[in-house]
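Top line first, the protein sequences correspond to chains A and B.
Just so we're on the same page, our numbering is the position in the first sequence counted from 1, plus 749.
Just so we're on the same page, our numbering is the position in the second sequence counted from 1, plus 749.
Beta carbons: idealized from backbone N, C-alpha and C, even for Gly.
Protein chains: 2
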Amino acid sequence: METRELRYFVAVAEELNYGRAAVRLGMAQPPLSRAIARLERRLDTVLLERDSHGVALTGAGRVLLREARIALDAVAAAEARTRRAGQPGLVLAAKAGASTELLAKLLAAYAAEPGSVPVDVRLCQYGEQGALLRRGEADAALLHLPFDSTAGLDTEELHTEGQVALLPAGHPLTVRRELRLADLADLPDLPAPRYPRPDGTHPDGPGPAIRDHAQLYQLVALGRTCAVLPDSCRAQLRDDVVARPVPDAPRVTTLLAWPPDSRSRPLADLLRVAADG
Amino acid sequence: METRELRYFVAVAEELNYGRAAVRLGMAQPPLSRAIARLERRLDTVLLERDSHGVALTGAGRVLLREARIALDAVAAAEARTRRAGQPGLVLAAKAGASTELLAKLLAAYAAEPGSVPVDVRLCQYGEQGALLRRGEADAALLHLPFDSTAGLDTEELHTEGQVALLPAGHPLTVRRELRLADLADLPDLPAPRYPRPDGTHPDGPGPAIRDHAQLYQLVALGRTCAVLPDSCRAQLRDDVVARPVPDAPRVTTLLAWPPDSRSRPLADLLRVAADG
DNA sequence: CCCGGCGATACCCGACGGGTATCGCCGTAG
DNA sequence: CTACGGCGATACCCGTCGGGTATCGCCGGG
């Protein structure tokens, strides 16, 4: 099976309509029909049930749809990783607005190494760093437990810290020295922010939908929401936002992650610097 | 990137010689040269250093070799799984000679289900079942912890049991009611069998290299080695082999494993029967 | 009953994959 | 020093196949 055939099949299986799939693929419908028919002949398996008013997946078609997506992702990751391995420099993915201090220190320490290469920092929305790594678009990523998934990645823990609540300056709760998670649940004036799910959609609710820390700071400053974030975020607060410790919030571990078995010289240097620092 | 190009590149990267790679691929050398050159042009990356006396991988080439193998495996698994999804019946992989009783019960119980399909049992050498699953050549497999790896698979525990030592009838150690692992280490007359590593090779040593339980029974009966196996193997012993409990050997868990997200009707039935039984 | 939407078929063309012959480079043997 | 042999690259040719346009056949709805 060629990747082109898999791409064609995925397009048809997703659209369930040869015409629309052909448009999406930038080609005409007849060669697409033939390509799918040839694929079915070679696999000796019916993938699609056509009646003259549309298309439906067979059981085998559902299997191939799932497997083809996996295979195409692997091919795309191979291409992305190879492309970047051929060019100098590292790409490091980090959550926008998170661990800025630690990130700055890491970059400075690595830049001071002999033989270090330029590091391109890609600031991501929540949860996007893992996807960048898995797609081969980044060499390493800063992740935060327990929020990000490390499945299928190698990791090195860098730092663990408690969390603080961020409140708009002047809010009644700011008179307290410490807060509990329960104090922050269901505040009518400060509805909890809605973080994106792994698939990028937001749950429903009264609070604002947010995509990264920068948005969150601003919304807290505007008195629209409150947030619970790692201690280190206090370094970047200005006086329109107040931080109060939340001892019962889970501790947050910042870790460096990279794809397993990828150990180029520059990446190995970066990992060593991170582990030492 | 097309899978054909990846196959070509892997062949050249493994042979480090265009001529031999072309033979392996069943084609002539010039089109292979051109295909690799085109791949490099499209990736805008040098994959191979050619001096006139051979070929060497660049850093990017090493990356692509690793990634291309992963991607090609994914494509091959997609093809195998789809092929079999299009045909009736299930394929169940099991270690030859292990868990025979449990396997027989499972097959009988499933066959009695309404709507059950024929089950093709593939008896494997040690450690091969996981590979069959991952390559898409089996729908489910019987694995044994702590020997087999379940990484990347969904599993259901079926049974846990202790282990016994198998000794040739008449061996001096058979006078004991129980044995310890230490009793069986470094016996000069019964050197430990050499089980295959995950890559199929055998470690060095004095004992016989074995590939499955059937071989092992026979070698024990011949007085060439001894073995520590799950209790249930006693059901198939004849009187030329004696079993003695080994309480300090790790307990063995038999489990049913299947590729994540694969839940066809027949497989779901089999899993339900296995969980109930 | 006719029209419209959809997939399949017929037919054509150009590009690309693959083959043979040969070159250019270099290391080595005589 | 030259001749040879091994290896990858280049030149050139051919057939196949991927893709395009036109059209058909089927069916469901207005």
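Less than 8 Å between the CB atoms is what I'm expecting for residue i and residue j, so what's the real figure, rounded?
i, j, result
"residue 939 of chain A", "residue 909 of chain A", "Their Cβ separation, rounded to whole angstroms, is 27 Å, which puts residue 939 of chain A and residue 909 of chain A out of contact at 8 Å."
"residue 887 of chain B", "residue 809 of chain A", "Wrong, their Cβ atoms sit about 16 Å apart, outside the cutoff."
"residue 1007 of chain A", "residue 855 of chain A", "That pair is no contact at about 13 Å."
"residue 760 of chain A", "residue 770 of chain A", "4 Å"
"residue 983 of chain A", "residue 913 of chain A", "6 Å"
"residue 879 of chain B", "residue 897 of chain B", "6 Å"
Using a threshold of 6 Å, is the CB atom of residue i nearer than that to any non-hydrogen atom of the ligand GDP?
i, result
"residue 947 of chain A", "Ligands displayed in this structure: none; no statement on the ligand GDP is therefore possible."
Going by CA-CA distance only, name the one from the options that's closest to residue i.
i, options, result
"residue 981 of chain B", "B:988, B:992, B:778", "B:992"
"residue 917 of chain A", "A:900, A:948, A:962, A:971", "A:971"
"residue 849 of chain A", "A:872, A:781, A:827, A:928", "A:872"
"residue 1010 of chain A", "B:995, B:863, B:819", "B:819"
"residue 969 of chain B", "B:905, B:941, B:950", "B:941"
"residue 945 of chain A", "A:874, A:894, A:858", "A:874"
"residue 997 of chain A", "A:1012, A:889, A:758, A:930", "A:930"
"residue 840 of chain B", "B:1013, B:934, B:1025, B:927", "B:1013"
"residue 823 of chain B", "A:895, A:752, A:847", "A:752"
"residue 911 of chain A", "A:756, A:922, A:927, A:923", "A:927"
"residue 906 of chain B", "B:756, B:778, B:1026", "B:1026"
"residue 802 of chain B", "B:966, B:765, B:756, B:860", "B:765"
"residue 821 of chain A", "A:937, A:758, A:805, A:977", "A:758"
What would DSSP say about residue i, mapped onto helix, strand or coil?
i, result
"residue 994 of chain B", "strand"
"residue 831 of chain A", "helix"
"residue 879 of chain B", "helix"
"residue 1021 of chain B", "helix"
"residue 756 of chain B", "helix"
"residue 841 of chain B", "strand"
"residue 779 of chain B", "helix"
"residue 936 of chain B", "coil"
"residue 952 of chain A", "coil"
"residue 928 of chain B", "coil"
"residue 818 of chain B", "helix"
"residue 863 of chain A", "coil"
"residue 886 of chain B", "coil"
"residue 847 of chain B", "coil"
"residue 968 of chain A", "helix"
"residue 787 of chain A", "helix"
"residue 825 of chain A", "helix"
"residue 709 of chain A", "This structure does not reach residue 709 of chain A, given that chain A is present from 750 up to 1026, and the question cannot be answered."
"residue 1014 of chain A", "helix"
"residue 792 of chain A", "helix"
"residue 973 of chain A", "coil"
"residue 1026 of chain B", "coil"
In terms of DSSP beta bridges, what is residue i paired with?
i, result
"residue 1003 of chain A", "A:893, A:908"
"residue 806 of chain A", "A:797"
"residue 869 of chain A", "A:840"
"residue 958 of chain A", "A:943"
"residue 903 of chain B", "B:1007"
"residue 913 of chain B", "B:978, B:994"
So, does the region 806 to 824 of chain A touch the region 816 to 835 of chain B, judging by three or more C-beta pairs under 8 Å? yes
For the 8 Å Cβ check, are there 3 or more pairs between the region 949 to 964 of chain A and the region 890 to 903 of chain A? no
With a cut-off of 8 Å, do at least 3 Cβ pairs link the region 786 to 800 of chain B to the region 834 to 847 of chain A? yes
With three or more beta-carbon pairs closer than 8 Å as the criterion, would you say the region 911 to 929 of chain A touches the region 983 to 1003 of chain A? yes
Say whether the region 946 to 953 of chain B touches the region 996 to 1015 of chain B, bearing in mind that this needs 3 or more beta-carbon pairs closer than 8 Å, one atom from each stretch. no
The region 858 to 873 of chain A touching the region 1011 to 1021 of chain A, judged by at least three CB pairs closer than 8 Å: yes
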